[in-house]
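**Q** To start, I am sharing the structure in question, which I have written as structure tokens.
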Amino acid sequence: GDGFFMGGFWNDKKKFRIWLFQGTFCATGGTIVSGAMAERAKLKGFAIFTILMTAVIYPTVVYWVWSGRGFLNYKDESGKYVSVFGPPFLDFAGSAVVHMIGGVAAFFGALIVGPRKGRFSADEAGEFDAHSVPFCVLGTFILFFGWYGFNPGSTGELHTIEAANKAAIAAVNSTIAPCVSGMLVFYLRARVVQPRLLDVSGFCNGILAGLVAVTAACSTIKAWESMIIGLVAGFAYQGASMLLPRLHIDDVVDAFAVHGANGFWAVLAAGLFGDPSAGIGGNGLFYGGDQFRVQVMGALLIGLWSATLSFLIFFPLRLIGFLRLSDGFQDKGADVMEHSPVKAYNTHKNMAEENQV
24 GDGFFMGGFW NDKKKFRIWL FQGTFCATGG TIVSGAMAER AKLKGFAIFT
74 ILMTAVIYPT VVYWVWSGRG FLNYKDESGK YVSVFGPPFL DFAGSAVVHM
124 IGGVAAFFGA LIVGPRKGRF SADEAGEFDA HSVPFCVLGT FILFFGWYGF
174 NPGSTGELHT IEAANKAAIA AVNSTIAPCV SGMLVFYLRA RVVQPRLLDV
224 SGFCNGILAG LVAVTAACST IKAWESMIIG LVAGFAYQGA SMLLPRLHID
274 DVVDAFAVHG ANGFWAVLAA GLFGDPSAGI GGNGLFYGGD QFRVQVMGAL
324 LIGLWSATLS FLIFFPLRLI GFLRLSDGFQ DKGADVMEHS PVKAYNTHKN
374 MAEENQV
């Protein structure tokens, strides 16, 4: 490879923007995992995983898909981009490269670290409600806005009409799909499944699920196709969100349901939708294209890569005691035990007064 420690960047200065852009993608993959393991993972164990995630798991998949030299996307002898399975793998802005590998890693992280103490106890279930729903909404707004940098920004440039049009298509589809997905999850939780109330947190995660689901094909599909992708994303998220607690897997922020399940669906959707005659890069099975088999094989291999390496990192960390906080540590809280200040808010008694009670 090249570009190690920014080698050659001064000779090709466009690599600086590529480095920064890819750096944000890389960091995103790690943050997906952190949410699933919150409140019972040791910092040192998760730091080790994050280093290996960002140094090995993510860069390898980037090379396969986006380098132009990996087996999922490279030039053949005629100069045409292909893959070992046929057409080049399609993942415009990272549904597989970022979200699916992060979501799969989050699944194994939550599985191996184990649930928070009392998480699945009927007596203590109420203690695990969201800390701040307004912050959840604020975070969703920030992520939604940031997605307009990820998806339209994946054109890499905006100084040509062609690139600007592609970015516009990506932006429109990145607006429609999450709206559909979010509203569907909101309706399902209000009328069909528990809690049968207006669930704002579910609405927020439904929005994120739609964003993940449209990311792979956001520049190659039409608006009505993004609506269908968002609709399926809502069902995929809700199904995965309900499944993991039944398996006693404690995914705190539904990272797998949002990023893993819908990262996989996004990759498949890119192989199903996209009209070649529209001239925007689609090659969908529904239009007689041959993209779908490439997407299936790519998704399976990328998922297997993330799953295998995540397991090989997390499991030894758990065995040597580097991954899970003790029950006593969880009872007192990591904020109290190892952080300063010990409270995020000081609206009631100070900590000294609480300890005297």
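Numbers 24 to 380, taken from our numbering, label the letters of the sequence shown in order.
Note that the Cβ used here is the ideal one computed from N, Cα and C, for glycine as well.
Remember, it's a predicted structure, so these values are computed and weren't measured experimentally.
Pick from Leu335, Thr77 and Gly294: whose alpha carbon is nearest that of Val319?
**A** The count along the sequence shown starts at 1 and reaches residue 319 at position 296. Of the candidates Leu335, Thr77 and Gly294, the one whose C-alpha sits nearest the C-alpha of Val319 is Gly294.
**Q** Quick check: the Cα distance between Ala322 and Leu66, rounded to an integer number of angstroms?
**A** As a first step, residue 322 is located in the sequence shown; it is residue number 299 there, counting from the start. As a first step, residue 66 is located in the sequence shown; it is residue number 43 there, counting from the start. The alpha-carbon atoms of Ala322 and Leu66 are separated by roughly 30 Å.
**Q** Throw me the rounded Cβ distance for the Ala119 and Val290 pair, which I believe falls under 8 Å.
**A** As a working note, residue 119 is residue 96 in the sequence shown. As a working note, residue 290 is residue 267 in the sequence shown. So it is a contact: roughly 5 Å between Cβ atoms.
**Q** Using 8 Å as the threshold, is the C-beta distance between Ala246 and Asn285 below it?
**A** Walking along the sequence shown from the start, residue 246 turns up at place 223. Walking along the sequence shown from the start, residue 285 turns up at place 262. Cβ distance not < 8 Å, so Ala246 and Asn285 don't count as in contact.
**Q** Cα separation between Met374 and Ser349?
**A** Position 351 of the sequence shown, counted from the start, is the residue given in the question as residue 374. Position 326 of the sequence shown, counted from the start, is the residue given in the question as residue 349. Any reading at Met374 needs caution, since the residue's pLDDT is 48, under 50, leaving its predicted position unreliable; the model's value is listed next. Cα-Cα distance, rounded: 22 Å.
**Q** DSSP state of Asn96, grouped into three classes?
**A** Residue mapping note: residue 96 aligns to position 73 of the sequence shown, counting from 1. In this structure, Asn96 counts as strand in the three-state DSSP scheme.
**Q** Considering only the alpha carbon of each residue, which of Lys355, Asp358, Gly351 and Ser333 lies closest to Gly68?
**A** Reading the sequence shown from its first residue, position 45 is the one you call residue 68. Out of Lys355, Asp358, Gly351 and Ser333, Ser333 has the C-alpha closest to the C-alpha of Gly68.
**Q** If we count Cβ pairs, one from each stretch, closer than 8 Å, do we get three or more for the stretch 246-263 versus the stretch 191-208?
**A** A contact exists between the stretch 246-263 and the stretch 191-208.
**Q** Return the chain-ordered list of same chain residues with a C-beta closer than 8 Å to the C-beta of Ala50, the five sequence neighbours on each side being excluded.
**A** For this step, residue 50 is matched to residue 27 along the sequence shown. Once the five neighbours on either side are set aside, the close Cβ partners of Ala50 are Thr77.
**Q** Could you check what DSSP says for Tyr81 in three-state terms: helix, strand or coil?
**A** Taking the first residue of the sequence shown as position 1, residue 81 is located at position 58. Of the three classes helix, strand and coil, the one that applies to Tyr81 here is helix, per DSSP.
**Q** Tell me, which residues are paired with Tyr104 by DSSP?
**A** To locate residue 104, count along the sequence shown from 1; it is residue 81. Tyr104 is bridged to Lys98.
**Q** Does DSSP put Arg400 in a helix, a strand or coil?
**A** Summary: the structure shown does not reach residue 400, with the chain confined to residues 24 through 380, and so no result is reported for it.
**Q** What runs of the alpha helix (DSSP H), each 4 residues or longer, lie entirely inside the stretch 267-351?
**A** Complete alpha helix (DSSP H) runs here, min 4: 284-295 and 315-342.
**Q** Report yes or no: do three or more beta-carbon pairs, one from the stretch 96-114 and one from the stretch 306-320, lie closer than 8 Å?
**A** Verdict: yes, contact present.
**Q** Which residues bound the alpha helix (DSSP H) around Ser57?
**A** The residue you call residue 57 lines up with position 34 of the sequence shown. It spans Lys37 to Ala59 - the alpha helix (DSSP H) in which Ser57 sits, taken as one unbroken run.
**Q** Mapping the DSSP letters down to three states, classify Gly26 as helix, strand or coil.
**A** Working through the sequence shown from its first residue, we reach residue 26 at position 3. Residue state, collapsed to three classes: coil.
**Q** Assuming Phe279 and Gly137 are in contact, meaning their beta carbons sit under 8 Å apart, how far apart are those beta carbons, in whole angstroms?
**A** Here residue 279 is taken as the residue at index 256 of the sequence shown, counted from 1. Here residue 137 is taken as the residue at index 114 of the sequence shown, counted from 1. The Cβ separation is near 15 Å, so there is no contact.
**Q** Alpha carbon to alpha carbon, how far is Lys140 from Pro182? Give it in angstroms, no decimals.
**A** The residue labelled residue 182 in the question sits at position 159 within the sequence shown. The residue labelled residue 140 in the question sits at position 117 within the sequence shown. The residue you asked about is not Pro; residue 182 is His in the sequence shown. Their Cα atoms are separated by approximately 54 Å.
**Q** On a Cα-Cα basis, can you pick out the residue from Val79, Ser57, Glu62 and Ser90 that is closest to Ile41?
**A** Taking the first residue of the sequence shown as position 1, residue 41 is located at position 18. Closest by alpha carbon: Ser90.
**Q** Look at the Cβ atom of Gly162, then the Cβ atom of Val56, and state whether they are nearer than 8 Å.
**A** Within the sequence shown, numbered from 1, the residue matching residue 162 stands at position 139. Within the sequence shown, numbered from 1, the residue matching residue 56 stands at position 33. No.
**Q** Sorted by chain position, which residues of the same chain lie with C-beta nearer than 7 Å to Ser264's C-beta, five sequence neighbours on each side aside?
**A** Along the sequence shown, one-based indexing puts residue 264 at 241. Same-chain partners within the cutoff: Asp277 and Ala280.
**Q** Of all the options His271, Val359 and Lys366, which has the alpha carbon lying nearest to the alpha carbon of Ile135?
**A** Against the sequence shown, residue 135 aligns to sequence position 112. The shortest C-alpha separation from Ile135 is found at His271.
**Q** Taking the Cβ atom as the reference point for each residue, do Arg142 and Phe151 lie within a distance shorter than 8 Å?
**A** For the purposes of this step, residue 142 is taken as the residue at position 119 of the sequence shown. For the purposes of this step, residue 151 is taken as the residue at position 128 of the sequence shown. Yes, the Cβ-Cβ distance between Arg142 and Phe151 is below 8 Å.
**Q** What first and last residue would you give for the alpha helix (DSSP H) that runs through Tyr210?
**A** Taking the first residue of the sequence shown as 1, we reach residue 210 at position 187. Ile184 to Tyr210 is the extent of the alpha helix (DSSP H) around Tyr210.
**Q** For Ala128, name the three-state secondary structure that DSSP assigns.
**A** Taking the sequence shown and counting its residues from 1, one reaches residue 128 at position 105. Of the three classes helix, strand and coil, the one that applies to Ala128 here is helix, per DSSP.
**Q** By how many angstroms is the C-alpha of Val79 removed from the C-alpha of Phe28?
**A** Taking the sequence shown and counting its residues from 1, the one referred to as residue 28 is at position 5. Taking the sequence shown and counting its residues from 1, the one referred to as residue 79 is at position 56. Cα to Cα, the separation comes out at about 15 Å.
**Q** Closest to Tyr86 by CA distance: which of Gly26, Lys36, Asp298 and Gly31 is it?
**A** Sequence index remark: in the sequence shown, residue 86 carries index 63 (1-based). The residue with the shortest Cα to Cα distance from Tyr86 is Gly26.
**Q** Judging by CA-CA distance, which residue of Asn228, Ser300 and Gln314 is the nearest neighbour of Val275?
**A** Locating residue 275 in the sequence shown gives position 252, where the first residue counts as 1. Taking only the C-alpha atoms, the option nearest Val275 is Asn228.
**Q** Relative to the C-alpha of Val237, which candidate in Phe296, Gln353, Ile184 and Leu211 has its C-alpha closest?
**A** Taking the first residue of the sequence shown as 1, we reach residue 237 at position 214. Residue Phe296 is the option with its Cα nearest to Val237.
**Q** What number of angstroms, rounded off, separates the C-alpha of Gln261 from the C-alpha of Pro218?
**A** Locating residue 261 in the sequence shown gives position 238, counting from the first residue. Locating residue 218 in the sequence shown gives position 195, counting from the first residue. Answer to the nearest angstrom: the Cα atoms are 12 Å apart.
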